[in-house]
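Peer 1:
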Amino acid sequence: MATQLVLLAAGQGTRMKSDRPKVLHEVAGRALFAHALASAGELDIDRRIVVVGSGAEAVAAAAEAEDPRIVTVEQREQLGTGHAVARARDALTGAGGDTVVLYGDTPFIRPETLAAMAAQRERGADIVVLGFEAADPGRYGRLVTEGEALLKIVEFKDASTEERDITLCNSGVIMAATETLLDLVAATGNDNASGEYYLTDIVEIGRAQGLGAVVVTCDEAETLGVNSRADLAAAEAAFQARARATALEDGVTLVAPETVFFSFDTVVGRDALIEPNVVFGPGVTVETGATIRAFSHLEGAHVSAGAIVGPYARLRPGAEVGNDARVGNFVEIKNAEIGEGAKVPHLSYVGDAGIGAAANLGAGTITCNYDGVSKHRTEIGSRAFIGSNTMLVAPVRVGAGAVTASGTVVTKDVPDGDLAIGRSEQSNKPGRGRRLMDMLRDRAGKGK
Ligand code: UD1
Ligand code: CA
């Protein structure tokens, strides 16, 4: 059945002490709300509605960038989770199906967990609530059950002493038929300890109307919510621990797993070797059998099979490293294709360039790609040999099999097979070196 998704993201997150809305803070290079949206990966999602409040414009823009089909609705005053869901009424009109409510600051609900909730709906439960056994139930809402049935959810502030002893807690995730959910949230009141419209009240209201509610449980780790910078760091650590374990399970060698940092979308092939202290920004694919050596930083890059990158390499967006190519130490590659078997071993900047197969770039080769206003391309042919300290002033092309002499500033295209030398000619002055040194020592009174 088609499912609608309502993501509550109106909270201020004051404890973050940030100018940025809480749900835009990132874990593994992806905003919290986007992680939360990804939880619904196994459901057949029709409409996605994000309820925004604090920092509404920025959150709406980020949601739009994530997927232009996402609808944002504003909740100016945060009058409670029930009120927030009610704000989505217009956006849900005519949608039918089920609706699942998620929180924008709760990034780790697994798609399988939401699928289990959907299965309970199919078995006839009117309201399905996601709960968890809390190690420390703290101020979470408590789930009051009787056998399989969920009788009500009671907020900590409103709970009796006996109810506070309950360790089965509310994660906040709720699923019901869209029309039912809208009717129920419309019926919530704010006569409670917080003076808020509680989404959680829909269970008791629903039961009074003869609707049944059940609990699906998940691991407490899944429901981890981010309220502070410390929570954000804990969420990052949890994400990384999982990503490292997954990489190892998938046949990737991590010499020191705890020092490697993945992005939410990093793809690493089997038999790849990742040395210590490597950081992956978003958008990286490392193919089978490639090696990423220590202290390298990669983002938006593709490393093909058998290639070796690093140590101390930086691959920026658009870096395409071909099969068996080499990118060595203190080399930066941006928006450039390094052809099969080509080598850029040391101290180079290669930006906006195409490097042909088996070409060799000497130490200190620089593509001068930026004139201060625009970026320009450099093309190097296959098997070209670029001498050390060559400056390639783009736009420029060096042909296949061509050679540039060390220190050349290449400003004109070099035809295939030619040698380009562009440096001032050297002259040797016989004996002058020794005489110069003698003179300087004399002057300094240092003798010979
Ligand atoms: C809520 C639940 C509680 C549960 C806990 C789990 C209610 C009444 N209580 O409590 O049972 O154990 O989450 O973490 O639902 N939000 C809005 N608009 C509002 C209020 C909240 O968008 O008017 C958003 C917040 O940004 C947040 C989420 O809803 O993402 C939860 O709100 P919060 O106030 O943190 O609820 P809790 O008191 O933690
Ligand atoms: Ca909360």
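Per this note's numbering, residue 591 is the first one in the sequence shown, and the count goes up by one each step. Idealized CB from N, CA, C, for every residue including glycine.
Could you tell me the alpha carbon to alpha carbon distance between Val-1004 and Val-940, rounded to whole angstroms?
Peer 2: Locating residue 1004 in the sequence shown gives position 414, counting from the first residue. Locating residue 940 in the sequence shown gives position 350, counting from the first residue. Each residue's alpha carbon lies about 18 Å from the other.
Peer 1: For Met-981, collect the residues of the same chain with a Cβ closer than 6 Å to its Cβ; drop the 5 residues on either side in sequence, then sort them by chain order.
Peer 2: Indexing the sequence shown from 1 puts residue 981 at position 391. Counting only Cβ-Cβ distances below 6 Å, and skipping sequence neighbours, we find Ile-956, Cys-958, Val-999.
Peer 1: When you compare each of Gly-694, Asp-748, Val-690 to Val-720 by their alpha carbons, which one comes out closest?
Peer 2: Taking the first residue of the sequence shown as position 1, residue 720 is located at position 130. The residue asked about is misnamed: residue 720 is Leu in this sequence, not Val. It is Val-690.
Peer 1: So the candidates are Ala-715, Thr-593, Ala-618, Ile-1011; which of them puts its Cα closest to the Cα of Glu-738?
Peer 2: The residue you call residue 738 lines up with position 148 of the sequence shown. If we check each option's Cα against that of Glu-738, Ala-715 comes out closest.
Peer 1: So, using beta-carbon positions, are Ser-972 and Ala-995 closer together than 7 Å?
Peer 2: Along the sequence shown, read from residue 1 onward, the residue named residue 972 stands at position 382. Along the sequence shown, read from residue 1 onward, the residue named residue 995 stands at position 405. No.
Peer 1: My guess is that Asp-695 and Val-816 are in contact by the Cβ rule of under 8 Å, so how many angstroms apart are they, rounded?
Peer 2: On the sequence shown, residue 695 is found 105 positions in, with the first residue counted as 1. On the sequence shown, residue 816 is found 226 positions in, with the first residue counted as 1. Contact between Asp-695 and Val-816 is confirmed by a C-beta separation of about 5 Å, below the 8 Å threshold.
Peer 1: In angstroms, rounded to a whole number, what distance separates the CA positions of Ala-685 and Ala-653?
Peer 2: Here residue 685 corresponds to residue number 95 of the sequence shown, with the count starting at 1. Here residue 653 corresponds to residue number 63 of the sequence shown, with the count starting at 1. Approximately 20 Å between the Cα atoms of the pair.
Peer 1: Taking the beta carbon of Val-675 as the centre, do at least 16 other beta carbons fall within 10 Å, making it buried, or is it exposed?
Peer 2: By 1-based counting over the sequence shown, the position of residue 675 is 85. Answer is buried; the Cβ neighbour count reaches 16.
Peer 1: Please report the distance separating the alpha-carbon of Glu-865 from that of Arg-883.
Peer 2: Taking the sequence shown and counting its residues from 1, one reaches residue 865 at position 275. Taking the sequence shown and counting its residues from 1, one reaches residue 883 at position 293. Taking the CA atoms as reference points, Glu-865 sits about 5 Å from Arg-883.
Peer 1: Quick check on this structure: which residue in Leu-597, Gly-1023, Asp-1008, Val-983 has the alpha carbon closest to the alpha carbon of Leu-789?
Peer 2: Here residue 789 refers to the residue found at position 199 of the sequence shown. Minimum Cα distance to Leu-789 is reached at Leu-597.
Peer 1: Write down the C-beta distance between Gly-989 and Gly-1007 rounded to the nearest angstrom, noting that I regard them as a contact closer than 8 Å.
Peer 2: As a working note, residue 989 is residue 399 in the sequence shown. As a working note, residue 1007 is residue 417 in the sequence shown. Right, their Cβ atoms sit about 7 Å apart.
Peer 1: Hey, which unbroken runs of the beta strand (DSSP E) at 3 residues or more fall wholly within the stretch 730 to 769?
Peer 2: 732 to 736, 739 to 744, 758 to 767
Peer 1: Please name the residue, chosen from Ser-818, Val-718, Thr-751, Thr-1001, that lies closest to Arg-605 on a Cα-to-Cα basis.
Peer 2: The residue labelled residue 605 in the question sits at position 15 within the sequence shown. The candidate whose alpha carbon is nearest that of Arg-605 is Ser-818.
Peer 1: Suppose the cutoff is 7 Å on Cβ atoms and the five residues either side in sequence are ignored; what does the same chain contact list for Gly-796 look like?
Peer 2: Taking the sequence shown and counting its residues from 1, the one referred to as residue 796 is at position 206. For Gly-796, where only same-chain residues beyond five positions count, the Cβ hits under 7 Å are Asp-716, Ile-717, Leu-774, Ala-803.
Peer 1: Over the uninterrupted alpha helix (DSSP H) stretch that includes Gly-796, give me the two end residues.
Peer 2: Counted from its first residue, the sequence shown places residue 796 at position 206. 792 to 798 is the span of the alpha helix (DSSP H), which, as asked, contains Gly-796.
Peer 1: So what does DSSP say about Leu-937, is it helix, strand or coil?
Peer 2: Reading the sequence shown from its first residue, position 347 is the one you call residue 937. Strand, per DSSP.
Peer 1: How would you label Arg-666, buried or exposed, when you count the other beta carbons within 10 angstroms and need 16 or more for buried?
Peer 2: In the sequence shown, counting from the first residue as 1, residue 666 sits at position 76. Flag for Arg-666 reads exposed.
Peer 1: Measuring CB atoms only, is the stretch 696 to 715 touching the stretch 807 to 814, in the sense that at least three cross pairs come out at less than 8 Å?
Peer 2: yes
Peer 1: Would Tyr-568 and Gly-762 be called neighbours here (beta carbons separated by less than 7 Å)?
Peer 2: In the structure as shown, the chain starts at 591 and stops at 1038, and residue 568 therefore has no counterpart that could be examined.
Peer 1: Can you tell me the Cβ-Cβ gap for Ser-886 and Val-899, rounded? I've got them flagged as a contact below 8 Å.
Peer 2: Counting from one through the sequence shown, the residue named residue 886 turns up at place 296. Counting from one through the sequence shown, the residue named residue 899 turns up at place 309. Contact holds; Cβ gap of about 6 Å.
Peer 1: Which class does Ala-678 belong to by DSSP, given the choice of helix, strand or coil?
Peer 2: As a first step, residue 678 must be located in the sequence shown, where it is residue number 88. Here Ala-678 sits in coil by DSSP.
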